[in-house]
Amino acid sequence: MGANDLIFGGGLGVVASSLTQKQKDEYRTVLGAMYPEAESDKINALIETIEKLDKKQIDFLIEAIHKKETSIIYDYLLKKFKKKPKIENNIPKVIEPKHETPNEQVDWADPRSIKGYLDKYVSGQEEAKKVLSVAFSDYISYGTISHSLLIGPTGSGKTYILKVLCEAAGIPFVKISMANVTSAGYKNENLSEKIQVLRGKERAIVFLDEFDKLSPTEEGRGTSGFTERLQKELLSYFSGDKIDGIDSSKFLIVTAGAFNGGFGQQSLSSMIQKRLGGNKARVDESEVLSQVTNDDLVRYGIMPELVGRLANKAVLEPLDEEALYKILAHTENSILKQKVKDFAKMGITLEFEDEAIRLIARNSAKGVGARGLESIINELVGKYSFNRADYKGEKITISPNEVEELMKKEVKFEKVDDIKVDWTSPKSIVAYMDFYAVGQEEAKKSLSTSFMLYSKKLANPDLPLPQPNSLLIGPSGSGKTYLVELLAKKAQIPVSKINLAEGISVAEFRARLADLVYNGKGIVFLDEADKVLLDPYSPFRKELIGCLENGEVNGVDLSGIMFVLAGAFQGLFEKKVEDSGSSIGFGAQVEKTNNYKGVEINTDTLIEAGVPIEVLGRVPNIVPLQPLGVNELVEMMKKPGSELEKFINYFKSENVELIISEPVLLMIATKAKAKLGARSIKPILSKLFNPFIQDIENYRGEKLEIKVEDIS
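Just so you know, we're using the numbering used here here: the sequence shown kicks off at 2 and counts up by one.
This is the structure in structure tokens:
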């Protein structure tokens, strides 16, 4: 391994010739520990090489170093560059207009002229077009800043409308998602750093998407210091202050969000319905949202001072079939018309029958609105684009039959964000889990109760409620981790997963807790907890008992944290079965009895085995999970987000039609069942598909049928 291999193969390297010998020795020790296979002279060569790297290479190293947490090296780079180096791929991209001067076909002093221009490109959304036309007219013609708020679902055209206006007006556009942004001094993606991309810009449109994510809890209660600090920082930009040398008074800010609510939070439309006294089951959501007031937004959790800076508000309607049809057929520069132009450049005439366009719109309306149009059309024309040489000089007509065939054979997986969950309803939470996970009915019910209680606890921190903490008991591959992470991802709750069998120090555990408390909410998932709970000499067990009993650690309040403990507890099951004269095990052995539902592990059993009563008092929800049978594993592979879906998506991206029969799935499931259940499916699929991936160029444009004999 040479010096360059260490830098670019391992992604790490540092040090300068100006360092003292002691410092060089320290760096050499760090590098040697991280690359024990490297010879001493190679590390010395790396030390001498590092100073010669350019800025881009240094940025690459910084990212790798930061991930590996080699603080001694990172500190050196901080010292070298006098400030925290930036990692470019975390910085939002500024979309520069093709022309710096406004389109002369538009009278920018007249909002009606601006809306008329928008009508060519955007179908429907009249209210939003009017509001933004006024805001742009004031900004461009008079320099007046009127910040705006757009309320509407995914795929309703919020981003697209702004991009059209910015291009026509000759104004730079930057989009920042507020879902992952943090305030100055906090971890992850920093707002002040993202705004730096506008340094030197005289004008710009700043689009703050997912603005509703600034709200932490139901009706503003329980606001964490994190979200409050971020909102206060954001207020300074709305107020036109100069921040880090950037004059924010030059920028027009447009915010947007669906305001669907979430974990521990009502949707904005539900709050307005409640205020108006309307019938929740018989109201058009867009009509309700059009009645939004500043007080509603404050109750949702947005600071009054911030709400007061949003002079313009508009509600965008979900795009139905007719609206999507008009977008495709009648608006300028639609994805359909772009494809027609692209094929014309190839010397191919591409056209779509009208009924085919309507079918595309109909299917897109079932998914994510306007965003679904592009994916469907790309699928339809993809094979023609790939084989363009065969169609040069010819005419291609996309028929309704072709659209129907695509919809039949396409594997459809509904996106997570398309499914609404009422976190106050255990039945709604169970229905969500049913969409993605098979079996485990009792476990789903128990977990839905836990998440419902946790939602209420976050929304009402001062209300005494039952503990939401859970103990999941079941074998490897039964879905313990998957179910918790599935719900946490949907609820946007950070999860700190700790495998207790691998060992963790008390100090590291406390650091993990501090990170979650910092965010205001979080789940501590302790896997293989039986390894600690059943060990009376474990120092970590004492720490865990203290956390659960006292609700704090080192004076840090843990009331906003939910604990989920998980383990196989195999010894307990075997003892219970032995006492009853049967035999049972996990994985392959379970198949012999085909049933272990009759084996009950309850609180008394756990206490008898040595689980501290103090733990069970704070973790009242005991959740049993059954080993998944072969048929359940087959169904699991057909679920959205499965490992099989990921491979299907890969082959589809390579223009390969993957055909997998039911017997093949049955064979995969049988092999997985004989090993570690669901946990074995990923390695089995990887082993199956890797040979085909290696020779992918031989399969492009073809059908690839997987046979039972392909599975080794």
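Built from N, CA and C at the ideal position, the CB exists for glycine as well. All values reported here derive from a predicted model rather than from experimental measurement.
At what residues does the beta strand (DSSP E) containing residue i begin and finish?
i, result
"leucine 705", "704-707"
"asparagine 500", "496-500"
"leucine 325", "Taken as a continuous stretch (DSSP letters only), leucine 325 belongs to no beta strand (DSSP E), being part of the alpha helix (DSSP H) at 322-331."
"asparagine 334", "No beta strand (DSSP E) holds asparagine 334; DSSP gives it neither H nor E."
"proline 664", "Where proline 664 is concerned, there is no enclosing beta strand (DSSP E), although the alpha helix (DSSP H) it sits in stretches over 663-674."
"valine 289", "Per DSSP, valine 289 belongs to no beta strand (DSSP E); it is in the alpha helix (DSSP H), 286-290."
"lysine 176", "174-178"
"proline 319", "Where proline 319 is concerned, there is no enclosing beta strand (DSSP E), given that its DSSP letter is neither H nor E."
"leucine 534", "It is not in any beta strand (DSSP E) - leucine 534 instead sits in the alpha helix (DSSP H) that spans 531-534."
"leucine 151", "149-152"
"proline 625", "622-625"
In terms of residue numbering, what span does the alpha helix (DSSP H) encompassing residue i cover?
i, result
"alanine 610", "604-610"
"isoleucine 162", "159-170"
"isoleucine 303", "Here isoleucine 303 belongs to no alpha helix (DSSP H), and DSSP marks it neither H nor E."
"glutamate 636", "631-638"
"serine 134", "127-138"
"lysine 275", "269-277"
"serine 193", "192-196"
"isoleucine 728", "No statement about residue 728 is possible, as the shown extent of the chain runs from 2 to 713 and does not include it."
Leaving out five residues on either side along the sequence, give the residues of the same chain with a beta carbon under 6 Å from the beta carbon of residue i.
i, result
"serine 250", "Gly241"
"serine 583", "Residue placement at serine 583 is flagged as unreliable, the pLDDT there being 43, under the threshold of 50; the coordinate-derived value follows with that caveat. Correct list: empty, nothing qualifies."
"phenylalanine 564", "Asn470, Val525"
"leucine 1", "Nothing about residue 1 can be read from this structure; the chain reaches only from 2 to 713."
"aspartate 108", "Ser114"
"phenylalanine 652", "Leu659"
In three-state DSSP terms, what is residue i?
i, result
"threonine 425", "coil"
"proline 37", "Unreliable positioning characterises proline 37 in this predicted model, as indicated by a pLDDT of 46, which lies under 50. The coordinate reading is nonetheless provided below. Three-state DSSP puts proline 37 in coil, outside helix and strand."
"threonine 398", "strand"
"valine 1", "Outside the displayed range of the chain (2 to 713) lies residue 1, so it cannot be described from this structure."
"aspartate 1", "Any question about residue 1 goes unanswered here, given that the chain covers just 2 to 713."
"glycine 523", "strand"
"glycine 201", "coil"
"serine 479", "coil"
"valine 657", "coil"
"asparagine 313", "strand"
"glutamate 710", "helix"
"glycine 258", "strand"
"asparagine 461", "coil"
"glycine 568", "strand"
"glutamate 615", "helix"
"lysine 243", "strand"
"threonine 1", "Within the shown structure, residues of the chain are numbered from 2 to 713, placing residue 1 beyond reach of any answer."
"leucine 472", "strand"
"isoleucine 562", "strand"
"aspartate 716", "Residue 716 is absent from the model: the chain starts at 2 and stops at 713."
"phenylalanine 9", "Residue placement at phenylalanine 9 is flagged as unreliable, the pLDDT there being 32, under the threshold of 50; a coordinate-derived value is accordingly withheld."
Output yes or no for whether 8 Å exceeds the beta carbon distance between residue i and residue j.
i, j, result
"isoleucine 273", "aspartate 297", "yes"
"isoleucine 682", "alanine 673", "yes"
"leucine 617", "threonine 606", "no"
"glutamate 646", "lysine 704", "no"
"arginine 204", "isoleucine 247", "no"
"arginine 363", "glutamate 322", "yes"
"glycine 258", "aspartate 213", "yes"
"glycine 568", "aspartate 531", "yes"
"tyrosine 238", "isoleucine 196", "yes"
"leucine 231", "isoleucine 303", "no"
"leucine 374", "valine 404", "no"
Take residue i and list the residues in its own chain whose beta-carbon comes closer than 7 Å to its own, dropping the five residues that flank it on each side.
i, result
"lysine 458", "Leu466, Pro469"
"serine 270", "Glu286, Val289, Leu290"
"serine 400", "Glu354, Ala357"
"serine 429", "Val422, Asp423"
"glutamate 636", "Val439"
Quick check on residue i - is its C-beta less than 8 Å from some C-beta in chain C?
i, result
"valine 255", "No chain C is part of this structure, which consists of one protein chain only."
Within the same chain, show all residues whose beta-carbon is closer than 8 Å to that of residue i, passing over the 5 residues directly before and after it, in chain order.
i, result
"glutamine 106", "Tyr118"
"glycine 309", "Asn295"
"glycine 588", "Only weak support is given to the placement of glycine 588: the predicted model assigns it a pLDDT of 35, under 50, and the question is left unresolved by the model."
"glutamate 655", "Ile697, Tyr700, Arg701"
>> With three or more beta-carbon pairs closer than 8 Å as the criterion, would you say the segment 196-215 touches the segment 170-177?
In response: yes
>> Using 8 Å as the cut-off, can you tell me whether the segment 116-126 makes contact with the segment 329-340, which would need three or more C-beta pairs spanning the two stretches below that distance?
In response: yes
>> With a threshold of 8 Å, are at least 3 pairs of Cβ atoms found where one atom belongs to the segment 385-394 and the other to the segment 337-354?
In response: Touching, per the Cβ criterion.
> With a cut-off of 8 Å, do at least 3 Cβ pairs link the segment 502-510 to the segment 468-487?
Replying inline: no
> Using 8 Å as the threshold, is the segment 434-453 in touch with the segment 472-483, meaning 3 or more CB pairs across them?
Replying inline: yes
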